[in-house]
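What follows is a short report on a single structure.
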Amino acid sequence: MSIEILNALKLEKTNSGTWCGTTLFPSRERIESFSPVDGKKIASVSCTKQTDYEKIIQTAQTAFIHWRAIPAPKRGEIVRQIGDELRKNKAALGQLVSYEMGKSLQEGLGEVQEMIDICDFAVGLSRQLYGLTMHSERPNHRMYEQWHPLGIVGVISAFNFPVAVWAWNAALAWVCGNVVIWKGSEKTPLCSIACQKIVNKVFAKNKLPDGISSVITGDYKVGEWMSNDTRIPLISATGSTRMGKAVGVAVASRFGKSILELGGNNAIIISDTAQLQLVLPAIVFGAVGTAGQRCTTTRRLIIHEKIYDDVKAVLKKAYTQLRIGNPLDQNNHIGPLIDQKAVEAFLYAIRQVKKEGGKILVPGSRLEGKNYQSGCYVSPCIAEVENHYEIVQHETFAPILYLIKYSTLEEAVALQNAVPQGLSSSIMTESLREAEYFLSNAGSDCGIANVNIGTSGAEIGGAFGGEKETGGGRESGSDAWKAYMRRQTNTISYSNSLTLAQGIQFDIE
Ligand code: NAD
């Protein structure tokens, strides 16, 4: 299976080709990519050396001069072709995502679909990069604003969405007239290279220069080069809050712009009016989908005391039906965690829950045996806890679901908000009053607040991101494109005299 995927995406020449957007020499330092699905080594990828990084930056700077001169709708046409190329490669790329990262094939394909969707969105956007016009206070003057590209957009991304997050950023950045340098996660380097190969084809076919899209490979040190580099005016960084704190400070200290998309600690409030048979799939998909490794994974359930025991019983039963195994086998619900370190973090969280006085309802453990040889498979866990436990306040990137009881809606919302993160949230209710309170300014403090659907599974049309320690960035739909451009206010006089604003007189002979 693995070889077929790699061949389909023509990844066999990974180590010596021109996939970085400029010709590179392979370096001695390498990233080994192991599939968490079966533990097999699937690639050994050269890390970008600092000398190559310099060449990539220079190539990108030159490409920017060319690319920004192309009218935005024509840039949109290139992105349309990229969307089509992704459509052709959807099956192979979806399988690679599933195999290298470990999410289910359905979710791998869904991730590629998101890339296609954002390309479609960006094509339309390329004709809608609107600025406002204003009435000037001065006679015979006109004021308006326009949006210009920034230059190089640096994208640093996480392992759990190894292709879609780049596409969210790149498709918008390109139609806005920027060029993109992408450092994907060191845990999923083949996914980055596969994407670069797909877009390279389109740029080459249109006789566009190298450097509009570049991939660099390496760990956090390569990310640090980017964060500290004044030649990169915008860094869009997706990953842990720890990473975001470092990147945010480095970029701000050089007056760069950043889009930070960091960790979440997402809750669903389940009202006593909710219909249990409707909410169950939302909860289970939200908690165990991608083996609990989505930024929007449901980590806490805040359940009304009247139905608490019923929800517990239904969930316990549902968890016995979960099938865990090879994510490329569509019969399985849950694949592996990304690596053994993630398994250790999961087991640590379970120990901490017990230490802090929580009760384990569905025990989670590392799975062993012939189907789980990578050592990365776990059975998901449910625990009854108090919201203030230290471990509950942290994002554990694994399938551990915390149950918390409430009696009033105000209390439920306060509990939902009482964590440092602010990404996604949801309420399950049949009551309009409850739904509206949850969405009001006294309600959820998160960037995403849903009613009667779960916390995960955002569409590309809305702006995506969260508050507090989630970083405050917005990507994807709505007017998120504005972060990829600089706003310029223009005042034009067609008067025969020079008039100053605020009526100031300044006479000079
Ligand atoms: P991570 O923070 O370990 O790494 C993310 C990326 O940042 C990697 O490419 C890594 O090399 C780079 N990096 C790490 N430290 C850096 C530094 N000091 N300077 C520059 N770059 C650095 O995260 P991960 O384990 O790959 O991903 C999981 C995390 O990502 C979770 O916290 C999850 O919630 C978050 N995430 C958030 C979103 C969102 O949109 N809010 C989406 C996906 C994932």
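Here the sequence shown is numbered in our numbering, starting from 1179 and rising by one per residue. Every residue gets a Cβ at the ideal spot worked out from N, C-alpha and C, and that includes glycine. In this text, all values refer to a predicted model and were calculated from it rather than measured experimentally.
Comparing alpha-carbon positions, which option in I1447, L1440, T1476 lies nearest Y1615? Taking the first residue of the sequence shown as 1, we reach residue 1615 at position 437. Minimum Cα distance to Y1615 is reached at I1447.
Grouping DSSP H, G and I as helix and E and B as strand, with all else coil, what is N1338? As a first step, residue 1338 is located in the sequence shown; it is residue number 160 there, counting from the start. Coil.
For L1271 and V1341, the rounded distance between their alpha carbons: Taking the first residue of the sequence shown as position 1, residue 1341 is located at position 163. Taking the first residue of the sequence shown as position 1, residue 1271 is located at position 93. Distance between the alpha carbons of V1341 and L1271 is about 9 Å.
Which ranges does the beta strand (DSSP E) cover as unbroken runs of at least 3 residues, wholly within the segment 1459-1544, from first to last along the chain? 1476-1482, 1537-1540
Among V1531, I1686, S1671, N1628, the one whose alpha carbon lies nearest that of E1315: What you label residue 1315 is simply residue 137 of the sequence shown in a count that begins at 1. Ranking the options by Cα distance to E1315, first place goes to S1671.
Name the one or two DSSP bridge partners that M1606 has. Translated into the one-based positions of the sequence shown, residue 1606 becomes position 428. In DSSP, M1606 forms a bridge with I1448.
Hey, could you find the ends of the beta strand (DSSP E) E1439 is sitting in? Working through the sequence shown from its first residue, we reach residue 1439 at position 261. Where E1439 is concerned, the enclosing beta strand (DSSP E) stretches over 1435-1439.
Assign G1744 to one of three DSSP states: helix, strand, or coil. What is shown of the chain runs 1179 to 1687, which leaves residue 1744 out entirely.
Please check the pair L1525 and K1490, which I expect to be a contact at CB under 8 Å, by giving their CB distance rounded to whole angstroms. Along the sequence shown, read from residue 1 onward, the residue named residue 1525 stands at position 347. Along the sequence shown, read from residue 1 onward, the residue named residue 1490 stands at position 312. No, L1525 and K1490 are not in contact; Cβ-Cβ is about 23 Å, not under 8 Å.
I want to check one thing, is the minimum distance from the CB of I1569 to the heavy atoms of the ligand NAD below 7 Å? Numbered from 1 along the sequence shown, position 391 holds the residue referred to as residue 1569. I1569 Cβ: outside cutoff for every heavy atom of the ligand NAD.
Is M1421 near the ligand NAD, in the sense that its beta carbon is under 7 Å from a heavy atom of that ligand? Along the sequence shown, read from residue 1 onward, the residue named residue 1421 stands at position 243. Within the cutoff, so yes.
Element boundaries [beta strand (DSSP E), containing G1412]: Looking up residue 1412 in the sequence shown gives position 234. Checking the sequence, you will find Leu at residue 1412 rather than Gly. 1412-1416 is the span of the beta strand (DSSP E), which, as asked, contains L1412.
So does K1361 have its beta carbon nearer than 7 Å to some heavy atom of the ligand NAD? As a first step, residue 1361 must be located in the sequence shown, where it is residue number 183. Checking every heavy atom of the ligand NAD against the Cβ of K1361, one is found closer than 7 Å.
How about T1474 and S1634: do their beta carbons lie closer than 8 Å? Mapped onto the sequence shown, residue 1474 falls at position 296. Mapped onto the sequence shown, residue 1634 falls at position 456. For T1474 and S1634, yes; Cβs fall inside 8 Å.
Endpoints, beta strand (DSSP E) assigned at I1221: Taking the sequence shown and counting its residues from 1, one reaches residue 1221 at position 43. It should be noted that the sequence gives Ala, not Ile, for residue 1221. 1219-1224 is the extent of the beta strand (DSSP E) around A1221.
Reference E1210; option with closest CA among E1263, S1304, S1363, L1287: Stepping through the sequence shown from its first residue, residue 1210 is reached at position 32. Of E1263, S1304, S1363, L1287, the residue nearest in Cα terms is S1363.
Exposed unless 16 or more other CB atoms sit within 10 angstroms - verdict on F1642: In the sequence shown, counting from the first residue as 1, residue 1642 sits at position 464. F1642 should be labelled buried.
Every unbroken alpha helix (DSSP H) within the segment 1338-1391, with a cutoff of 4 residues, ordered by chain: 1342-1353, 1367-1383
In whole angstroms, what separates the C-alpha of G1639 from that of L1500? The residue labelled residue 1639 in the question sits at position 461 within the sequence shown. The residue labelled residue 1500 in the question sits at position 322 within the sequence shown. Between G1639 and L1500, the C-alpha separation is close to 31 Å.
As an exercise, report each continuous beta strand (DSSP E) stretch of at least 3 residues that is fully enclosed by the segment 1244-1331, in chain order. 1319-1327
Using the C-alpha atoms, what's the distance from K1268 back to T1366? On the sequence shown, residue 1366 is found 188 positions in, with the first residue counted as 1. On the sequence shown, residue 1268 is found 90 positions in, with the first residue counted as 1. Taking the straight line joining both Cα atoms gives about 17 Å.
Between C1473 and the ligand NAD, is the CB less than 7 Å from at least one heavy atom? The count along the sequence shown starts at 1 and reaches residue 1473 at position 295. Flag set: Cβ of C1473 near the ligand NAD.
Limits of the unbroken alpha helix (DSSP H) element including T1633: Numbered from its first residue, the sequence shown carries residue 1633 at position 455. Taken as a continuous stretch (DSSP letters only), T1633 belongs to no alpha helix (DSSP H), as it is neither H nor E.
According to DSSP, is Q1599 helix, strand or coil? On the sequence shown, position 421 is the one that residue 1599 refers to. Reduced to three states, the DSSP call for Q1599 is strand.
Just checking, does the segment 1509-1520 make contact with the segment 1475-1490 on the three C-beta pairs under 8 Å criterion? no
Have a look at the DSSP bridge pairing and note the partners of Q1666. Counting from one through the sequence shown, the residue named residue 1666 turns up at place 488. Looking at the DSSP assignment, Q1666 forms a beta bridge with Q1324.
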